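Below is one structure, written out as structure tokens; comments come after it.
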Amino acid sequence: MVFGSGLLLLGLAPIIRGGNRHVALVLLEWLGLLVLLALSIRALTTAAASPTPRHPPRHRAIGVWLLALAPLWVGLLQLIPLPGGLWAALPGHAPYAQALAVAQVSDAGYRALSLMPDATWTSVLAGIPLMAAFLLACFCSPAHLHRLVQALVVFAVAQAVLGLLQMGPFPGLSFGLVKGGRVVGTFANRNHFASYITMTVPLAILLFRQATASARGASRRPGGARPMGALWGLALFLLLSAVLASASRGGTVTCLVVTLLAVLLLPQREGHWSARRHWGMAGAAALLALVVLAVGLDALLARFESEGAYLEGERWLYVIGSWHAALAFWPFGSGLGSYASVFPAFQPVGVHGFIEHAHNDYVQLLMECGLLAVALGLLALALIARQVVRLVRRARRMGLDAAGLLQASCGLGLLAVLLHSWVDFNLRIPANAMLAVFLLGAFLRPLQPLPVKPARESVLE
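If you read the sequence shown in this note's numbering, its first letter stands for residue 213, the second for the next number, and so on.
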């Protein structure tokens with residue numbers, strides 16, 4: 213039940229504009245509740261079957277649970293009713309109190325800390341599938357985690373194929389959302405499409421390497437595992453092609469970064485490290501060159517030369533205005549989900565239109581959550597850094613097993629969206645946010661105990 217509900221949740225997330233529509237989000241919220249119910253039932257049955265289960269260190273467990281339930285407890289804190297006088301005295305609230313007085317709105321006695329309580333409630337509900345995806349990755353069995361990772365790569369390949377068809381002979385597959393010839397998959401724009409796919413590229417690289425390593429080990433048997441290696445290789449080619457074809461600058465840069473990191477950093481045989489690293493670099497360069505030739509170098513370079521530099525465009529003005537708003541509401545924030553309603557008061561001169569997002573997830577989160585965003589960010593960084601240290605020590609001491617390599621690959625996929633989120637709002641798209649927290653949950657899983665070995669062995673066999 214856990215695997216089936218989790219697979220359904222992750223598979224349906226990107227179908228309708230990346231889940232960024234009310235109808236799609238409601239469905240994902242119900243599926244998230246189903247996943248949480250399945251996890252709870254499994255936890256109760258497991259506890260009844262084994263009276264003395266193993267537990268991670270208490271401080272680590274507390275940190276993981278604080279992250280997992282953050283959408284719930286942060287939103288509920290911001291919905292705490294405060295006396296009207298105290299509410300008006302909060303940083304940034306004075307203009308709103310004056311506006312209410314001018315409009316002769318009767319004093320309700322108590323007001324929620326959030327300036328937009330309805331939007332904050334919506335954010336709390338939207339956090340249900342995020343909590344479900346995180347806990348699913350943390351607590352599902354290793355076998356189920358591996359299958360879910362394979363499924364995620366398949367889902368991303370389906371998006372890539374659809375996007376490439378949109379660019380090619382079937383522009384109508386964009387369903388009228390954008391002009392024909394643009395690669396967006398089922399997302400609203402190319403940046404979110406590219407970010408979703410980029411997060412799965414390190415996973416596809418891992419699956420490809422594992423399949424080819426298994427094929428080498430079974431080379432004496434006719435057939436072996438070579439067909440799977442070819443399939444995962446084709447999947448990787450399609451993923452890279454779709455990211456480059458999308459012409460998303462942030463997606464292209466982050467994709468190249470995590471691809472090279474996956475090739476260079478994931479450990480190999482100790483005795484053949486240098487040679488395999490060189491072969492890996494050569495293979496990655498050849499694959500990227502083939503992808504660039506397939507997509508078209510001129511179109512890719514033209515995209516990077518167009519629209520001016522980031523610091524010279526309107527998006528940088530969004531970030532500046534959002535930063536000023538974050539300072540105005542510090543340290544309590546304006547409330548989860550309140551950005552679109554609050555930002556117009558801080559919209560810089562020269563910025564036209566209605567701005568829904570800051571195009572920088574971190575500044576927007578700082579504006580809405582204030583000090584809580586900083587605390588959660590530091591907590592996440594501490595847990596990630598601790599896990600990185602453990603993985604590096606394990607790799608140097610005895611090498612990473614398949615589970616450790618999977619966690620490292622999930623970490624690289626997470627790095628892709630964390631980098632891209634400096635210049636976009638990928639974490640505000642449900643499908644991308646769910647995939648990101650799933651990768652985070654998988655990365656933070658406790659390392660499996662390994663027997664001490666006299667010599668370092670292949671981690672891919």
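Ideal Cβ placement from N, Cα and C applies to all residues, glycine included. The structure displayed is predicted, hence computed values, not measured ones.
One Cα belongs to HIS356, the other to MET328, and the distance between them is close to 40 Å. Going by DSSP, ALA324 is part of the beta strand (DSSP E) stretching over 322-324. Assignment of alpha helix (DSSP H) within the region 292-373, counting only whole runs of 4 or more residues, yields 296-301, 306-314, 329-351 in chain order. For LEU652, the enclosing alpha helix (DSSP H) begins and ends at 642-655. The region 279-297 makes no contact with the region 239-259; the number of CB pairs closer than 8 Å stays below 3. Following the DSSP letters along the chain, one finds MET579 inside the alpha helix (DSSP H) bounded by residues 573-581. Burial check for ARG598: the Cβ neighbour count within 10 Å stays below 16, so the residue is exposed.
A direct Cα-Cα distance of roughly 20 Å separates LEU595 from LEU578. Check the Cα spacing between ALA370 and each of LEU588, PRO226, LEU291: the tightest is with PRO226. Separation of VAL563 and ASN401 (C-alpha to C-alpha, rounded to the nearest whole angstrom) is 21 Å. Bounds of the alpha helix (DSSP H) holding HIS536 are 526-541. Remark: C-beta atoms of VAL470 and GLY625 approach each other more closely than 8 Å. Just so you know, the alpha carbons of GLY565 and LEU222 end up roughly 33 Å apart.
Residues of the same chain with a CB within less than 8 Å of the CB of PRO307, apart from the 5 flanking positions on each side, are ALA557 in chain order.
HIS632 is classed as buried because its beta carbon has at least 16 other beta carbons within 10 Å across all chains shown. In summary, PRO642 is buried, with 16 or more beta-carbon neighbours lying within 10 Å of its beta-carbon over all protein chains present. When GLY547, LEU548, LEU415, ASP573 are compared, the shortest CA-CA separation from VAL531 is found for ASP573. Judged by DSSP secondary structure, HIS234 falls within the alpha helix (DSSP H) whose first and last residues are 234-261. Here the alpha carbons of VAL604 and VAL365 stand approximately 25 Å from one another. Per DSSP, the unbroken alpha helix (DSSP H) holding HIS632 starts and ends at 614-632. Relative to the Cα of LEU452, the nearest Cα in the group PRO439, GLY218, ALA423, LEU468 belongs to LEU468.
The DSSP-derived three-state label of THR410 is helix. With respect to the C-alpha of LEU248, the residue from HIS234, CYS352, GLY380 having the closest C-alpha is CYS352. Around the beta carbon of ILE292, fewer than 16 other beta carbons sit within 10 angstroms, so the residue counts as exposed.
Cβ contact annotation for PHE555 (same chain, cutoff 6 Å, sequence separation greater than five): ILE567, in chain order. If you look at VAL475, you'll find it in the alpha helix (DSSP H) that goes 461-477. Nearest Cα to ALA255 within the set LEU591, VAL214, CYS622: VAL214.
Within its own chain, the residues whose Cβ lies closer than 8 Å to the Cβ of SER553, once the five positions on either side in sequence are excluded, are LEU327, MET328, ALA331, listed in chain order. Going by DSSP, GLN290 is part of the alpha helix (DSSP H) stretching over 282-290. In the three-state scheme derived from DSSP, where H, G and I count as helix and E and B as strand, GLN559 is classed as coil. One thing to note: LEU342 has its Cβ within 8 Å of the Cβ of MET646. Here DSSP, grouped into helix, strand and coil, assigns PHE566 to coil. No residue range can be given for VAL396, since it is assigned to no alpha helix (DSSP H) and is classified by DSSP as neither H nor E. An exposed status is given to ILE253, since fewer than 16 other beta-carbon atoms sit within 10 Å of its beta-carbon. For VAL554, the enclosing alpha helix (DSSP H) stretches over residues 551-554. Minimum Cα-Cα distance from VAL361 among the listed residues ASN638, TYR551, ALA416 corresponds to ALA416.
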